[in-house]
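Have a look at the structure below before the remarks.
Numbering (our numbering), first residue to last: 1202 to 1582.
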């Protein structure tokens, strides 16, 4: 039996002779490729939403047209993370604006001592980290070049994409710069773990466009050539692509990137609870008509929810041979938006709220509907 896991981009080893995928027993694999000291730079070579106009027509473009208009804005990112020259990782990225800011994944440039950005045409530049956000796995790096040679990509509206829509990914799988793959949007609104943080990334796009080690940080484009996502992870048994890839939606990028450029970081809003989805058994115990909503399990002391007197669960009840810890508030809606599962709450906070905002929760407590206002605070480290 195979145990699958999600890998943040799919980690693999690149040497001067062979490309070998590192084995994972099951996880989100990061799409950054490890590079050994023997790998030469030639082996990793091979493109505000901007004012720049793009040659879009009302009709969808061909894959060839999309590549030709995008390639000048897509880059390979070589990262040195130790004192050994040419030892580190390779990821992908794309030009965000004409000041030299480039978008990639946080896990690509994490702990970087040196960063080299290489365009598909072979131009290479040193880069520095401007800002990172591990919670969304987004980062901004910057190169100092004349704006006339920069060709920013356009960020589209990820809320407009639909399941079944064609998309394409361009990046540097296994260090092979400027590689293009195509597929469809398999699903939207996925929730994937945020690397080593204990939190999750909401509203993620799932695609079957091939995403392999080295693709991390590259663009996922719709058929008009607009960026609708930033490739970040694959679901894999062995670190290689298995038809399930993930991309951070462009609307999340549009919300977070300006803060990374201005402040170097982004403060995520936080309620301060842990919760579970209402299952049929729990709904039966609580005598609910439908198994929808989420039950608060724990309330973080002195957190926003605690300050608003939300209640966690403490009562042990057995149902069908299974023990449940119940008794906490059941959240049914947030700001008049129905909460059917935990994903709904997290996605709403990510898309609609910021630190310092007030959010209103519709809660079921002791068979009565009540409303609680929560002043959102900064998510703790």
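Glycine residues also receive a C-beta, built at the ideal position from the N, C-alpha and C atoms. Keep in mind that this is a model prediction, so the values were computed, not measured.
Beta carbon of residue i, beta carbon of residue j: below 8 Å?
i	j	result
residue 1296	residue 1351	yes
residue 1415	residue 1376	yes
residue 1479	residue 1465	no
residue 1496	residue 1546	no
residue 1344	residue 1366	no
residue 1401	residue 1421	no
residue 1294	residue 1419	yes
residue 1468	residue 1556	yes
residue 1434	residue 1393	yes
residue 1670	residue 1326	Absent from the model: residue 1670. The displayed extent of the chain is 1202 to 1582, so no value can be given.
residue 1572	residue 1562	yes
residue 1359	residue 1338	no
residue 1430	residue 1451	yes
residue 1381	residue 1262	no
residue 1477	residue 1442	no
residue 1457	residue 1302	no
For residue i, which of helix, strand or coil comes out of DSSP?
i	result
residue 1501	coil
residue 1370	strand
residue 1420	strand
residue 1246	Model confidence at residue 1246 stands at a pLDDT of 32, short of 50, so the residue's coordinates are unreliable; what they give is reported in the following sentence. Three-state result, residue 1246: coil.
residue 1336	coil
residue 1293	strand
residue 1553	helix
residue 1543	helix
residue 1508	helix
residue 1448	strand
residue 1565	strand
residue 1525	strand
residue 1436	strand
residue 1349	helix
residue 1309	helix
residue 1359	helix
residue 1376	helix
residue 1493	coil
residue 1559	strand
residue 1261	coil
residue 1364	coil
Our contact map puts residue i next to residue j with C-beta atoms below 8 Å; I'd like the distance itself, whole angstroms only.
i	j	result
residue 1300	residue 1278	Not a contact, Cβ separation roughly 18 Å.
residue 1315	residue 1281	4 Å
residue 1505	residue 1553	Not really, about 16 Å apart at Cβ, beyond 8 Å.
residue 1540	residue 1534	6 Å
residue 1446	residue 1410	6 Å
residue 1560	residue 1404	No, residue 1560 and residue 1404 are not in contact; Cβ-Cβ is about 17 Å, not under 8 Å.
residue 1379	residue 1423	No, residue 1379 and residue 1423 are not in contact; Cβ-Cβ is about 19 Å, not under 8 Å.
Residue range of the alpha helix (DSSP H) that residue i falls in?
i	result
residue 1271	1264-1271
residue 1453	1451-1464
residue 1303	No alpha helix (DSSP H) contains residue 1303, which is instead part of the beta strand (DSSP E) from 1302-1305.
residue 1486	1481-1487
Rank the options by C-alpha distance to the C-alpha of residue i and give the top, closest one.
i	options	result
residue 1371	1292, 1344, 1545 and 1310	1292
residue 1455	1341, 1275 and 1267	1341
residue 1274	1453, 1349, 1498 and 1576	1349
residue 1525	1517, 1531 and 1532	1517
residue 1320	1397, 1475, 1271 and 1395	1271
residue 1473	1549, 1509 and 1564	1509
residue 1448	1490, 1529, 1475 and 1395	1395
residue 1425	1388, 1369, 1475 and 1476	1369
residue 1532	1512, 1520, 1432 and 1519	1512
residue 1283	1267, 1260, 1312 and 1389	1312
residue 1582	1437, 1439, 1461 and 1470	1470
residue 1491	1499, 1498 and 1482	1482
residue 1460	1333, 1262 and 1290	1333
residue 1486	1567, 1442 and 1437	1567
residue 1570	1536, 1530 and 1364	1530
residue 1432	1476, 1463, 1489 and 1374	1374
residue 1417	1500, 1276 and 1317	1276
Which residues mark the beginning and the end of the beta strand (DSSP E) in which residue i is found?
i	result
residue 1515	Per DSSP, residue 1515 belongs to no beta strand (DSSP E) and is neither H nor E.
residue 1149	Outside the displayed span of the chain (1202 to 1582) sits residue 1149, for which this structure offers no information.
residue 1403	1401-1408
residue 1318	1315-1320
residue 1537	Run containing residue 1537: none; DSSP gives neither H nor E here.
residue 1574	1569-1576
residue 1477	1474-1478
residue 1278	1275-1281
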